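Undergrad: After the structure tokens below, expect a handful of questions from me.
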Amino acid sequence: MDEKELLKIQNIEMKLLIEAISLKYGYDYSDYTKSHLKRRLIRRMSLENYTSITQLTEKVLYDKDMFEQVFWDLSINVTEMFRFPKFFKDLREHVIPILKTYPTINIWHAGCSTGEEVLSTAILLEEEDLLNRTTIYATDINKKVLETAKEGIYSIDNIKKWTKNYQESGGVKSFSDYYTAKYDHVIFDSNLLENVTFLEHNLVTDQKFIDTNLIICRNVMIYFNVKLQRKVINLFEESLIPSGFLGIGSKESLNTSSTDSKFINVTTDTKIYKKHVGY
Amino acid sequence: MNKKAIVIGVSAGGIEALKIVLNKLRINMDYAIIIVIHINNKGRGLANIFGDINQFIVKEACDKENVSEGTIYFAPPNYHLSIEEDYTFSLSIEEKVNYSRPSVDVLFNSAAEVYMDDLVGIILTGANSDGEIGLKRVSELGGKCIVQDPKEAFFDTMPLAAIKSVENCKVIKLSEINKFINELGD
Ligand SMILES: C[S@@+](CC[C@H](N)C(=O)[O-])C[C@H]1O[C@@H](n2cnc3c(N)ncnc32)[C@H](O)[C@@H]1O
Numbered sequence: 000m001d002e003k004e005l006l007k008i009q010n011i012e013m014k015l016l017i018e019a020i021s022l023k024y025g026y027d028y029s030d031y032t033k034s035h036l037k038r039r040l041i042r043r044m045s046l047e048n049y050t051s052i053t054q055l056t057e058k059v060l061y062d063k064d065m066f067e068q069v070f071w072d073l074s075i076n077v078t079e080m081f082r083f084p085k086f087f088k089d090l091r092e093h094v095i096p097i098l099k100t101y102p103t104i105n106i107w108h109a110g111c112s113t114g115e116e117v118l119s120t121a122i123l124l125e126e127e128d129l130l131n132r133t134t135i136y137a138t139d140i141n142k143k144v145l146e147t148a149k150e151g152i153y154s155i156d157n158i159k160k161w162t163k164n165y166q167e168s169g170g171v172k173s174f175s176d177y178y179t180a181k182y183d184h185v186i187f188d189s190n191l192l193e194n195v196t197f198l199e200h201n202l203v204t205d206q207k208f209i210d211t212n213l214i215i216c217r218n219v220m221i222y223f224n225v226k227l228q229r230k231v232i233n234l235f236e237e238s239l240i241p242s243g244f245l246g247i248g249s250k251e252s253l254n255t256s257s258t259d260s261k262f263i264n265v266t267t268d269t270k271i272y273k274k275h276v277g278y
Numbered sequence: 000m001n002k003k004a005i006v007i008g009v010s011a012g013g014i015e016a017l018k019i020v021l022n023k024l025r026i027n028m029d030y031a032i033i034i035v036i037h038i039n040n041k042g043r044g045l046a047n048i049f050g051d052i053n054q055f056i057v058k059e060a061c062d063k064e065n066v067s068e069g070t071i072y073f074a075p076p077n078y079h080l081s082i083e084e085d086y087t088f089s090l091s092i093e094e095k096v097n098y099s100r101p102s103v104d105v106l107f108n109s110a111a112e113v114y115m116d117d118l119v120g121i122i123l124t125g126a127n128s129d130g131e132i133g134l135k136r137v138s139e140l141g142g143k144c145i146v147q148d149p150k151e152a153f154f155d156t157m158p159l160a161a162i163k164s165v166e167n168c169k170v171i172k173l174s175e176i177n178k179f180i181n182e183l184g185d
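These protein sequences, in sequence, are chains A and B. Quick note on numbering that gives the first Met the number 0: the first sequence kicks off at 0 and runs consecutively. Quick note on numbering that gives the first Met the number 0: the second sequence kicks off at 0 and runs consecutively.
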């Protein structure tokens with residue numbers, strides 16, 4: 000059969016697999032970007048030596064372990080401490096002073112993966128003397144990454160990069176003050192996570208669960224199509240108190256030019272927005 | 000009329016090569032030009048380097064942005080760039096492919112499946128074999144394939160790998176690639 004015909008069939012098979020996952024396991028990927036889904040599923044198909052997506056679908060339906068595998072494949076967990084340091088610098092300079100005016104503070108990290116980003120925020124809050132009056136809600140669709148996040152233990156391999164990020168983010172101490180190194184691991188100070196609540200939360204289907212001063216959701220919405228992005232942004236808007244802040248990834252966008260946007264950018268090089276009141 | 004695009008993959012030695020390929024291109028083109036280059040540059044570096052050498056708009060591709068003809072796009076450093084079926088870009092930060100992010104294969108595979116016959120895939124100088132699989136996909140789905148003459152390339156690994164995987168590709172010099180692109184619309 001010619002390649003174009005095969006491609007058409009493969010695209011049909013993809014839709015059927017996504018539908019099967021949704022019907023059987025309740026996770027709806029239909030509004031994730033197609034190229035991303037396809038790349039991950041085709042990769043899984045060849046790793047398993049299957050010749051078609053349909054074979055993968057059959058396996059996913061009958062074998063929960065294969066579903067878990069595919070679920071893991073689709074959840075891209077790449078993250079780091081103080082990733083894109085300017086973001087944390089801008090948080091420190093533009094958002095923290097305003098948070099300081101509140102007696103108690105709620106922060107929501109949506110799509111927190113293995114927790115490096117949450118620890119980064121906790122360190123920043125600690126240095127600004129805000130940690131003890133803040134509750135951080137750290138959520139992800141993937142239970143397994145939340146388990147890692149709760150531990151706060153990471154491989155030592157990344158520590159050089161993380162230290163550099165920390166310094167560039169305007170950190171005022173020595174990064175090693177926050178962890179102890181043991182063999183090939185670093186263990187972060189458990190006080191940092193004391194006020195953090197880790198929760199499974201799916202941005203596609205789950206509702207608002209908290210009123211919050213600041214939401215950080217970076218590098219999650221790039222995997223969503225525009226329709227789903229809009230829905231998630233509405234959820235964030237609902238969950239933010241008036242004049243609350245939303246921080247997203249440096250390559251993501253809120254399309255603030257559209258007339259119904261409730262957000263204004265408060266920084267120049269980073270995507271930190273404030274929900275405006277009125278209107 | 001169908002949408003059309005040119006995708007270019009290039010690695011070590013890429014800036015100099017692109018300066019020749021993109022030099023004085025005409026703007027009345029009905030192609031978008033989308034480029035993956037493996038170098039770690041900061042910010043708008045690439046768009047600045049290439050902004051002056053022709054009349055095209057040169058920019059970094061943004062997530063969910065429409066792919067427009069008459070524009071040259073660069074994949075942002077550290078992100079994979081793909082094309083969606085509605086002719087928009089999408090970015091991803093998953094692990095490296097062929098030790099590269101952005102990866103030429105990721106761009107070429109996704110572009111091939113969307114543009115099919117209306118795509119030109121071009122592989123230039125480079126010291127790894129990223130692009131080999133992607134160029135094959137371009138060819139399978141009806142696109143035209145061009146590879147820089149390895150004899151002229153700064154590093155010949157990438158062109159040689161591409162030529163091996165796509166037997167009927169056109170192997171020409173940088174200046175001829177430039178001419179080829181200019182004559183595409185005629
Ligand atoms: C690339 S990581 C981003 C980690 C961190 N925010 C950062 O920028 O470094 C993306 C995370 O989003 C999570 N995710 C994907 N879809 C989700 C959904 N529907 N709801 C909640 N989290 C989701 C994934 O499990 C993954 O941990």
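A virtual CB, placed ideally from N, CA and C, is assigned to each residue, including glycine. Small disclaimer: the values here were computed from a predicted structure and weren't measured.
1) I'd like to check one pair, A:L60 with A:Q125: are the Cβ atoms closer than 8 Å?
2) With a threshold of 8 Å between beta carbons, is A:S45 in contact with chain B?
3) Please list, in chain order, all residues of the same chain as B:K3 whose beta carbon is under 6 Å from its beta carbon, the five residues on each side excluded.
4) Say whether chain B places a C-beta atom closer than 8 Å to the C-beta of A:R229.
5) Shorter than 7 Å, the distance from the beta carbon of A:H93 to the closest heavy atom of ligand 1, or not?
6) Are A:L6 and B:L140 close, meaning C-beta to C-beta below 8 Å?
7) Please look up how many angstroms separate the CB atoms of A:E115 and A:E167, rounded, as I've assumed it's under 8 Å.
8) Take A:D139 as the anchor and find which of A:G110, A:K99, A:G170 has the nearest alpha-carbon.
9) Taking only three categories from DSSP, how would you classify B:I122?
10) Are at least three pairs of beta-carbons, each pair with one atom in the segment 1-21 of chain A and one in the segment 54-71 of chain A, less than 8 Å apart?
11) Taking the alpha-carbon of B:L24 as reference, which of B:P76, B:V105, B:A161, B:I52 has the nearest alpha-carbon?
12) Determine whether the Cβ of A:I75 lies closer than 8 Å to any Cβ atom of chain B.
13) Under 8 Å, Cβ to Cβ, is there at least one residue of chain A near B:E131?
14) Between the Cα of A:R82 and the Cα atoms of A:K142, A:L145, A:N218, which residue gives the shortest distance?
15) What does DSSP give as the partner residues of A:K273 in its beta bridges?
16) For my contact list, B:I132 and B:C168 are in at a C-beta cut-off of 8 Å; report their separation, rounded to the angstrom.
17) On the DSSP letters alone, give me the boundaries of the alpha helix (DSSP H) that A:T120 sits inside.
18) Kindly say whether B:C144, judged by its beta-carbon, lies nearer than 8 Å to any beta-carbon of chain A.
19) Could you list which residues in chain B have their beta carbon closer than 7 Å to that of A:V225, in chain order?
20) Let me know the secondary structure DSSP gives A:A148 once reduced to three states.
21) CA-CA distance, B:K95 and A:P96?
22) Give the straight-line distance between the Cα atoms of A:T294 and A:V185, rounded to the nearest whole angstrom.
23) Would you mind sorting B:G42 into buried or exposed? The rule is 16 or more other CB atoms within 10 Å of its CB.
24) Which of helix, strand or coil does DSSP assign to B:G42?
25) State the DSSP-derived secondary structure class of B:S81, mapped to helix, strand or coil.
26) If you run the structure through DSSP and keep just helix, strand and coil, what is B:E64?
27) So with Cβ pairs under 8 Å, would you call A:I158 a contact of chain B?
28) Taking A:F262 as the reference, which of A:F187, A:Y177, A:K274 has the closest Cα?
29) Spell out whether any CB of chain A is found under 8 Å from the CB atom of B:I92.
30) Would you list, in chain order, the members of the segment 51-79 of chain B that have their beta-carbon closer than 7 Å to a beta-carbon of chain A?
31) For A:N76, does the three-state DSSP call read helix, strand or coil?
32) What residue ranges within the segment 131-164 of chain B form continuous beta strand (DSSP E) runs of no fewer than 3 residues, ordered along the chain?
33) Rank A:G243, A:E127, A:K149 by C-alpha distance to the C-alpha of A:G169 and give the top, closest one.
34) Can you list the residues of chain A that B:E166 reaches, using a CB-CB cut of under 8 Å?
TA: With the structure as the only source:
1) At residue 125 of chain A the sequence reads Glu, which differs from the Gln that was named. Against a cut-off of 8 Å, the Cβ pair of A:L60 and A:E125 comes out as no contact.
2) No, no contact with chain B.
3) D29, Y30, D117
4) For A:R229, the answer is no, since every Cβ of chain B falls outside 8 Å of its Cβ.
5) no
6) yes
7) 15 Å between Cβ atoms; not a contact.
8) Nearest to A:D139 by alpha-carbon distance, out of A:G110, A:K99, A:G170, is A:G110.
9) strand
10) yes
11) Cα-wise, what sits closest to B:L24 is B:I52.
12) At least one chain B Cβ lies under 8 Å of A:I75.
13) Among the CB atoms of chain A, none fall inside 8 Å of the CB of B:E131.
14) A:N218
15) A:F244, A:I263
16) Between B:C168 and B:I132 the Cβ distance is about 14 Å, and since that is not below 8 Å, they are no contact.
17) 115-126
18) Chain A has no Cβ within less than 8 Å of the Cβ of B:C144.
19) K63
20) helix
21) Going by the C-alpha atoms only, they are around 38 Å apart.
22) The structure shown does not extend to residue 294 of chain A, since chain A is modelled only from 0 through 278, so no value can be given for it.
23) Bear in mind that the predicted position of B:G42 carries a pLDDT of just 47, short of 50, making it too unreliable to give a figure here.
24) Model confidence at B:G42 stands at a pLDDT of 47, short of 50, so the residue's coordinates are unreliable; what they give is reported in the following sentence. DSSP places B:G42 in coil when its eight states are reduced to three.
25) Strand.
26) coil
27) no
28) A:K274
29) yes
30) C61, D62, K63, P75, Y78
31) coil
32) 143-147
33) The candidate whose alpha carbon is nearest that of A:G169 is A:E127.
34) Residues of chain A passing the Cβ test: none, with the nearest at roughly 15 Å.
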